[in-house]
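Visitor: Residue numbers (full-length UniProt numbering): 1 to 318. Each residue gets a CB set at the ideal place from its N, CA and C atoms; glycine is no exception. The model shown is predicted, which means the values in this text are computed figures rather than measured ones. Input: one structure, supplied below.
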Amino acid sequence: MHISRIDLNLFAVFDAIYAESGITRASRKLNLTQPAVSHALNRLRQLFGDPLFERQGHAMIPTPLARSMIGQVRQSLRGFELTLNGAASFDATTSERHFSLGLRDVLEASVLPPLMAALTAQAPLATLNVAQVSRRGLESELAAGTVDAAIDILLPLSNDIRRVALGGDRTVVLVRHGHPSVKKGRLDLDTYLALEHIQTSSRRRGPGLEDMELSRQGLQRRIRLRSQHYYAACHVVAQTDLALTMPERLALILNQHFKHQLLPFPLQLPALDIYLYWHANVDTDPANAWLRTQIRGQVFHCVTGSAVATATAEPVTQ
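Structure representation (structure tokens):
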């Protein structure tokens, strides 16, 4: 069927129902009535000879055909959006662009302050929305334009996803001042293994990078507490003899409040490299390119340590 015979607005409805898992929520998102959205869905069903969505409880669940279509539909809609919004030009000083950045919560404290300072100075009318995107769904979110860019560790993504390294981060160990097992600010491997530890992760189970390195050497530490957030874990460190292993960059920021001892991890670990990701379909989009430039200019210094150079924590020495 030729595209001239198809109402392309139907695909915007398809995307909204897919994203919102329901006709009512899709109608609110599109500012249309529920009957109008239902009518559009019926036309799509006739066009493809497939129900596309089936009701399960209060949710509309996509069929296998709908799942196979969504990536290409979202990429096409994104292309139309860029064209209609004047992708050939971008003036940061006057733009009211709403940027969306995929970012894990562990990176927010180090990434957002310098990035927002840059946006406030250079794009006073622009806004930024930050959300944690699942690594499994990152590629489809970038393709759809639901996030403009993302910052994360190195991930196995397709060639449609562009990436550039921002820098690396070391691993350090935090213990409270006056800890009875840590003498003169030194932490050897035997002492580390004799301590009880906090593991911080958003996952309910599974080892950390430090645990995998220990396991490779036939070693294991004792995890006494598994927590979700480093800030809470730092509070626990202040009131116990537990040790916390974490990325140095965030440790330096948090430790401005806690004044714990920051010690090198007693094994050689590779630096945890951080990458900036975006989709090939926005390679030449001036607004997206501007955002990437700000991230690389501000976050690169943040990742390599200069953004926390004024931290009052004890320096980490090798």
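Rounded to whole angstroms, what's the CA-CA distance from residue 147 to residue 100? Just pull it up for me.
Guide: One-based indexing of the sequence shown puts residue 147 at position 147. One-based indexing of the sequence shown puts residue 100 at position 100. Cα-Cα distance, rounded: 5 angstroms.
Visitor: Figure out for me which residue from 105, 193, 97 has the closest Cα to the Cα of residue 219.
Guide: Within the sequence shown, numbered from 1, the residue matching residue 219 stands at position 219. Considering only alpha carbons, the answer is 193.
Visitor: In this structure, how does DSSP classify residue 70 when only helix, strand and coil are distinguished?
Guide: Position 70 of the sequence shown, counting from 1, holds the residue named residue 70. It is helical.
Visitor: Once DSSP output is grouped into helix, strand and coil, what is the label at residue 90?
Guide: Here residue 90 corresponds to residue number 90 of the sequence shown, with the count starting at 1. Of the three classes helix, strand and coil, the one that applies to residue 90 here is coil, per DSSP.
Visitor: Relative to the alpha-carbon of residue 212, which residue among 273, 225, 269 has its alpha-carbon at the smallest distance?
Guide: Mapped onto the sequence shown, residue 212 falls at position 212. Looking at the Cα atoms, 269 is the closest of the given residues.
Visitor: According to the neighbour-count rule (16 or more other Cβ atoms, all chains shown, within 10 Å of its Cβ), is residue 27 buried or exposed?
Guide: The sequence position of residue 27 within the sequence shown is 27, counting from 1. Buried: at least 16 other Cβ atoms inside 10 Å.
Visitor: Leaving out five residues on either side along the sequence, give the residues of the same chain with a beta carbon under 6 angstroms from the beta carbon of residue 277.
Guide: Along the sequence shown, read from residue 1 onward, the residue named residue 277 stands at position 277. So the list reads 150, 161, 163, once near-sequence residues are dropped.
Visitor: Report yes if the C-beta distance between residue 253 and residue 110 is below 8 angstroms; otherwise report no.
Guide: The residue labelled residue 253 in the question sits at position 253 within the sequence shown. The residue labelled residue 110 in the question sits at position 110 within the sequence shown. Yes; because the gap between Cβ atoms is below 8 angstroms, this pair is in contact.
Visitor: For residue 152, is the classification buried or exposed, using 16 other Cβ atoms within 10 angstroms of its Cβ as the cut-off for buried?
Guide: On the sequence shown, position 152 is the one that residue 152 refers to. Flag for residue 152 reads buried.
Visitor: I need the DSSP call for residue 307, collapsed to helix, strand or coil.
Guide: Numbered from its first residue, the sequence shown carries residue 307 at position 307. Unreliable placement is indicated for residue 307, whose pLDDT of 33 sits below 50; no coordinate value is reported for it.
Visitor: Check whether the segment 57-74 touches the segment 112-129, taking contact to mean three or more Cβ pairs, one atom from each stretch, closer than 8 angstroms.
Guide: Verdict: no, contact absent.
Visitor: So, helix, strand or coil for residue 258, using DSSP?
Guide: Here residue 258 refers to the residue found at position 258 of the sequence shown. It is helical.
Visitor: Helix, strand or coil for residue 286, going by three-state DSSP, please let me know.
Guide: For the purposes of this step, residue 286 is identified with residue 286 of the sequence shown, where counting begins at 1. If DSSP states are grouped into helix, strand and coil, residue 286 belongs with the helices.
Visitor: If we count Cβ pairs, one from each stretch, closer than 8 angstroms, do we get three or more for the segment 8-23 versus the segment 39-52?
Guide: A contact exists between the segment 8-23 and the segment 39-52.
Visitor: Quick one: is residue 255 buried, meaning 16 or more other Cβ sit within 10 Å of its Cβ, or exposed?
Guide: Within the sequence shown, the letter at position 255 stands for residue 255. Residue 255 is buried by the Cβ-count criterion.
Visitor: By DSSP's criteria, residue 80 is part of a beta bridge. Which residues make up the other side?
Guide: By one-based count along the sequence shown, residue 80 stands at place 80. Paired residue(s): none; residue 80 is not in a bridge.
Visitor: Evaluate residue 179 with the Cβ neighbour count: other Cβ atoms within 10 Å of its Cβ, from every protein chain shown; 16 or more gives buried, anything less gives exposed.
Guide: Mapped onto the sequence shown, residue 179 falls at position 179. Per the 10 Å Cβ criterion, buried.
Visitor: Does DSSP put residue 317 in a helix, in a strand, or in coil?
Guide: As a position in the sequence shown, residue 317 is number 317, starting the count at 1. Because residue 317 sits at a pLDDT of 37, beneath the cut-off of 50, its placement in the model cannot be relied upon, and the point is left open.
Visitor: Which ranges does the alpha helix (DSSP H) cover as unbroken runs of at least 4 residues, wholly within the segment 86-149, from first to last along the chain?
Guide: Segments of the alpha helix (DSSP H) lying fully in the segment 86-149: 105-122, 138-144.
Visitor: DSSP three-state label for residue 59, please.
Guide: Position 59 of the sequence shown, counting from 1, holds the residue named residue 59. Looking at residue 59 - three-state DSSP - the assignment turns out to be strand.
Visitor: Can you list, in chain order, the residues of its chain whose CB lies under 8 angstroms from that of residue 275, leaving out five sequence neighbours each side?
Guide: Within the sequence shown, numbered from 1, the residue matching residue 275 stands at position 275. Correct list, in chain order: 151, 152, 153, 154, 155, 163, 164, 165, 166.
Visitor: Should residue 208 be labelled buried (16 or more other beta-carbon atoms within 10 Å of its own) or exposed?
Guide: Residue mapping note: residue 208 aligns to position 208 of the sequence shown, counting from 1. Residue 208 comes out buried.
Visitor: Hey, out of 81, 57, 52, 58, whose CA is closest to residue 69's CA?
Guide: Within the sequence shown, numbered from 1, the residue matching residue 69 stands at position 69. Nearest of 81, 57, 52, 58 to residue 69, Cα basis: 52.
Visitor: Could you check whether residue 233 and residue 195 sit closer than 8 angstroms to each other, using their CB atoms as the reference points?
Guide: Numbered from its first residue, the sequence shown carries residue 195 at position 195. Numbered from its first residue, the sequence shown carries residue 233 at position 233. Their beta carbons are not under 8 angstroms apart, which means residue 195 does not touch residue 233 by this criterion.
Visitor: Output needed for residue 29: all residues of its chain with C-beta closer than 7 angstroms, excluding positions within five of it in sequence on either side, in chain order.
Guide: Position 29 of the sequence shown, counted from the first residue, corresponds to residue 29. These residues qualify, in order along the chain: 16, 20.
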